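Following my numbering, the numbering of the sequence shown begins with 640 at its first residue and continues without gaps. Beta carbons are placed, not taken as given, at the ideal position from N, Cα and C, and that holds for glycine. Source: prediction; values computed, not measured.
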Amino acid sequence: AVSGHIKACDTLCEIAKPEFKARMTVKLAVAGAFHTDFMAPAVDSLKKVLTEIEIKKPRIPVISNVDAKPHSDPAVIESLLATQVTGPVLWEDSVASMLSHGFEEAKELGPGKVTAGVLKRIDKSAACSNVEV
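Spelled out as structure tokens, the structure:
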């Protein structure tokens, strides 16, 4: 995965196949530069807000997309929330972690079945149902 200024990403897309033997490049339609260093200015503001709210111990562990591990300590969860603003999303690792920790079924909320499709690519036997809201 690559993130950066649009012109730099466009240049990389042009040279990825011939120079790096990339099979393909896909530009994601995203609303912002989330999970990149471009979001660094937002981290301090988020940390301030997080100190003003209470994060309670969850009834079930939360698998963080920062390190793909289950967490129950509110202080650790708070820290990971701030880290995820600029950290890469470990989606496949997070799903694998869920699958290895008693995952039963995913519920995808909203139109489309993107999450279900990605989940099936990771584990064909994983159950996922779509709930349109």
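Checklist entry - In terms of residue numbering, what span does the beta strand (DSSP E) encompassing E747 cover? => result 744-748
Checklist entry - For V772, which of I761, A755, K746, W730 has the nearest alpha-carbon? => result K746
Item to check | Counted within 10 angstroms of its Cβ, other Cβ atoms place A668 as buried (16 or more) or exposed | outcome: exposed
Next on the checklist: Pop quiz: S733 and L719 are said to be a contact at Cβ under 8 angstroms. What is the actual Cβ separation, rounded to whole angstroms?
Outcome noted: Actually they are not in contact, since the Cβ atoms of S733 and L719 sit about 12 angstroms apart, beyond 8 angstroms.
Checklist entry - If you follow the beta strand (DSSP E) that S768 is part of, which residue opens it and which one closes it? => result 766-770
Checklist entry - Does the Cβ of M737 have 16 or more other Cβ atoms within 10 Å, making it buried, or fewer, making it exposed? => result So M737 ends up on the buried side.
Item to check | Closest residue to S739 among K752, L651, V682, K708 (Cα-Cα distance) | outcome: For S739, the nearest C-alpha among the options comes from K708.
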